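Residue numbers (this note's numbering): 6 to 259.
The C-beta atom is built at its ideal place from N, Cα and C for all residues, glycine as well.
Everything numeric in this text was worked out from a predicted model, so none of it was measured.
Only one structure is covered here, and it is reproduced in the block below.
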């Protein structure tokens with residue numbers, strides 16, 4: 006795998022019915038498509054070959070491909086979402102990943118979203134959230150043992166996913182929304198607190214070329230990241246954020 010790949014998926018006509026935690030906002034499909042296309046352009050500029058999957062109007066959240074699978078070394082863990090309405094999204098993603106990786110599906114009664122998982126070095130951090138349960142963590146731990154990776158569960162409070170609260174910038178640095186996780190479990194990282202006035206607005210996606218995409222509506226937090234020497238690239242994904250999404254949600258990178 007010499008070429009960096011990004012699996013992405015189109016924005017469906019039904020995006021305005023995407024699942025949200027709170028009061029339903031008015032979501033604009035055309036605006037979301039424009040922002041998604043710009044996001045994909047940034048991935049391509051960073052050197053990724055885009056594996057573009059078509060949208061499926063039966064699944065309003067299908068552009069959030071991150072939740073369907075987690076790539077760990079030679080293995081792709083195929084997720085079973087805690088939102089039953091989203092489970093049909095995995096098929097095309099699994100088919101694409103099967104051309105490169107060994108597949109390990111999470112099975113009932115385990116539930117997990119890829120947005121609850123990030124990897125730093127040989128450690129897999131997994132959020133216990135509205136979408137991910139203890140049984141899925143147990144199954145993921147078995148996969149981790151096979152790959153000589155340890156799994157660290159982290160309880161998540163007040164947000165949808167672990168990566169709604171903890172944004173890895175590299176293997177040693179994370180941005181954390183204060184009060185959402187037990188930060189002692191992240192003691193190996195330099196922790197950058199999200200600016201209070203930007204709470205729940207910051208998202209970040211580190212790319213293979215060394216740049217870090219950051220949400221354009223959280224400039225103070227982005228400046229804290231840049232002050233650590235990272236090359237940040239602001240991206241407007243406001244319509245994606247309105248549907249509880251972020252920069253990590255719209256791709257699977259490997």
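Cβ shell of residue i (< 7 Å), same chain only, five flanking positions each side left out
{"i": "residue 128", "result": "154, 155 and 157"}
{"i": "residue 252", "result": "208, 209, 210, 218, 220, 240 and 242"}
Cβ neighbours of residue i in the same chain (closer than 8 Å, five flanking residues each side left out)
{"i": "residue 56", "result": "10, 11, 12, 13 and 101"}
{"i": "residue 215", "result": "236"}
{"i": "residue 60", "result": "14, 15, 16, 17, 18, 67 and 68"}
{"i": "residue 54", "result": "8, 9, 10 and 11"}
Limits of the unbroken alpha helix (DSSP H) element including residue i
{"i": "residue 83", "result": "It is not in any alpha helix (DSSP H) - residue 83 instead sits in the beta strand (DSSP E) that spans 80 to 83."}
{"i": "residue 1", "result": "A query on residue 1 cannot be resolved here, the shown segment of the chain reaching from 6 to 259 and no further."}
{"i": "residue 68", "result": "Neither: residue 68 is in no alpha helix (DSSP H) and is coded neither H nor E."}
{"i": "residue 186", "result": "Where residue 186 is concerned, there is no enclosing alpha helix (DSSP H), given that its DSSP letter is neither H nor E."}
Proximity below 8 Å, CB of residue i to CB of residue j
{"i": "residue 180", "j": "residue 209", "result": "yes"}
{"i": "residue 217", "j": "residue 245", "result": "no"}
{"i": "residue 111", "j": "residue 162", "result": "no"}
{"i": "residue 255", "j": "residue 106", "result": "no"}
{"i": "residue 146", "j": "residue 118", "result": "no"}
{"i": "residue 58", "j": "residue 98", "result": "yes"}
{"i": "residue 205", "j": "residue 142", "result": "no"}
{"i": "residue 87", "j": "residue 64", "result": "no"}
{"i": "residue 25", "j": "residue 170", "result": "no"}
{"i": "residue 186", "j": "residue 43", "result": "no"}
{"i": "residue 238", "j": "residue 219", "result": "yes"}
{"i": "residue 190", "j": "residue 77", "result": "no"}
{"i": "residue 3", "j": "residue 198", "result": "There is no way to answer for residue 3, as the model of the chain reaches only from 6 to 259."}
{"i": "residue 72", "j": "residue 125", "result": "no"}
{"i": "residue 178", "j": "residue 195", "result": "yes"}
{"i": "residue 115", "j": "residue 140", "result": "yes"}
{"i": "residue 81", "j": "residue 108", "result": "yes"}
Residues that DSSP places opposite residue i in a beta bridge
{"i": "residue 109", "result": "82"}
{"i": "residue 75", "result": "82"}
{"i": "residue 14", "result": "58"}
{"i": "residue 123", "result": "130"}
Close beta carbons around residue i, own chain, < 6 Å, minus the five adjacent residues each side
{"i": "residue 122", "result": "75 and 131"}
{"i": "residue 160", "result": "133"}
{"i": "residue 258", "result": "11"}
{"i": "residue 52", "result": "9, 213 and 214"}
Range of the contiguous beta strand (DSSP E) that encloses residue i
{"i": "residue 37", "result": "Taken as a continuous stretch (DSSP letters only), residue 37 belongs to no beta strand (DSSP E), being part of the alpha helix (DSSP H) at 34 to 50."}
When the Cβ atoms of the stretch 13 to 29 are set against those of the stretch 224 to 239, are three or more pairs found closer than 8 Å?
They do not touch, by the three-pair rule.
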